[in-house]
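Worksheet for the structure shown next.
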Amino acid sequence: MQPLRSFDDLTSLLKRSTRRVSLAVVCGSDEGASRAAVKAVEEGFASVVFVGHTDEVHALPWVENAPKEFVEFLPACDDAEAATKAVKLVRERKCEVLVKGLLHTATLLRAVLNKECGLLADHGVLTHVAMAEIPGREKLLCFTDAAVIPYPTQAQRLVQVEVLTKVIRALGTPVPRISLLHCAETVSDKFPHTLGYGEIKELAAQGRWGEVLVDGPLDLRTSLDAAVLKIKGIHSCLEGDADGLVFPDLESANMLYKALPLFCGAREAGILQGTTAPVVLPSRGDSWQDKFLSIAMAVMSLN
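Numbered per our numbering, the sequence shown spans residues 99 to 401.
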């Protein structure tokens, strides 16, 4: 498989698949989630179960016109029950991807994180992976964590490297290049997150995550621009061509996530990882097209 370098590459690959992935959309009465799910159905790579808000969902014109054989409805008395029912579908492998609709994030996450019947993986770390198609850049860029963990511990950062590597491999990149970000290229006890970067690089070299190149601390430019790397006289195994970025904290990652579409027209997607199945948890400001790309990313991550 050739590496996927754009969202068009990604969706084209999914459209050629002969298998439909089943989506559980929780409270999909908003335009964003429902329209994105129906688009995935129409593109031929998904089927959908709308859980909760069924009367409202039925009335949406794009749902009404969707291929009936690939759309199901499961009623629920309230949002909490809808979240529980949808998580149960995914846990029992009747659905493969969970998609948030018009309900509070906390309500959905309570069901996802339920210790007895939720979706949290054995390592117990929930994190977020974003994917961006940036004009002028020849491949997709993945990064973590723009949404879930404010200040990752070392143990959480190890999981972030693991899930980021997995997502990049699913794009067809056999040896992901992962940069551990900082504002400079030096370790400093003034910035405690840099103190653990050496251990992460050692674990990568020992094969903990398979074939992967990990370096850091590097700043954003030396991670992504070979010319800047050369000017600074820095040697890096990433050669200024990182596939994935691990940010020090949520604030810095979230700022990039919001800045890329605003300043350069980037297209973005994002999913929760660290669960036994991918979870699409879009931002309220995302368009239905953005949510469609997040669904496509989630389906791709199953590969």
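The C-beta atom is built at its ideal place from N, Cα and C for all residues, glycine as well. Note that this is a predicted model, so its numbers are computed, not measured.
> Looking at C-alpha atoms only, which residue of Ser145, Gly130 and Phe105 is the closest neighbour of Cys193?
Replying inline: Ser145
>> Can you check which of these residues, Arg117, Leu311 and Leu322, is closest to Gly234 by C-alpha distance?
In response: Leu322
> What number of angstroms, rounded off, separates the C-alpha of Val54 from the C-alpha of Ile369?
Replying inline: Since the displayed the chain opens at 99 and closes at 401, residue 54 lies outside it and no answer follows.
>> Using C-beta distances below 6 angstroms, list every residue in its chain close to Ala138, excluding the 5 sequence neighbours before and after it, in chain order.
In response: Ala144 and Ile393
>> Going by beta-carbon coordinates alone, are Arg103 and Lys237 separated by less than 7 angstroms?
In response: yes
> Quick one: what's Ile276 bridged to in DSSP?
Replying inline: Val312 and Gly342
>> Can you check which of these residues, Gly130, Ala157, Asp106 and Phe171, is closest to Ala122 by C-alpha distance?
In response: Phe171
> Got a sec, what are the start and stop residues for the alpha helix (DSSP H) Pro136 sits in?
Replying inline: The sequence as given places Val at residue 136; Pro does not occur at that position. Element bounds for Val136: Glu129 to Glu140.
>> Using CA atoms only, rank isn't needed, just tell me which of Ala245, Ala131 and Leu278 is closest to Ala228.
In response: Ala245
> Is there contact here, the region 217-228 with the region 164-178, by at least three beta-carbon pairs under 8 angstroms?
Replying inline: no
> Is DSSP giving Ile369 helix, strand or coil here?
Replying inline: strand
>> By the three-class DSSP mapping on this structure, what secondary structure does Lys113 have?
In response: helix
> Less than 7 angstroms separating the beta-carbons of Asp153 and Ile266?
Replying inline: no
>> Can you list, in chain order, the residues of its chain with a C-beta nearer than 6 angstroms to that of His280? Leave out the 5 residues immediately preceding and following it.
In response: Thr292 and Pro315
> Pick from Thr116, Ala181 and Ser381: whose alpha carbon is nearest that of Glu141?
Replying inline: Thr116
>> Contact defined as beta carbons within less than 8 angstroms: I believe Val119 pairs with Ala184. What is the distance between those atoms, to the nearest angstrom?
In response: Contact doesn't hold; Cβ gap of about 15 angstroms is too wide.
> Do Val136 and Val161 have their C-beta atoms within less than 7 angstroms of each other?
Replying inline: yes
> Is the CB-CB distance between Asp317 and Ser334 below 7 angstroms?
Replying inline: no
>> Give me the residue from Phe105, Met353 and Pro101 with the minimum Cα distance to Asp388.
In response: Phe105
> Got a sec? Which residues, its chain only, sit under 8 angstroms from Glu129 by beta carbon, not counting five neighbours each side?
Replying inline: Leu158 and Trp386
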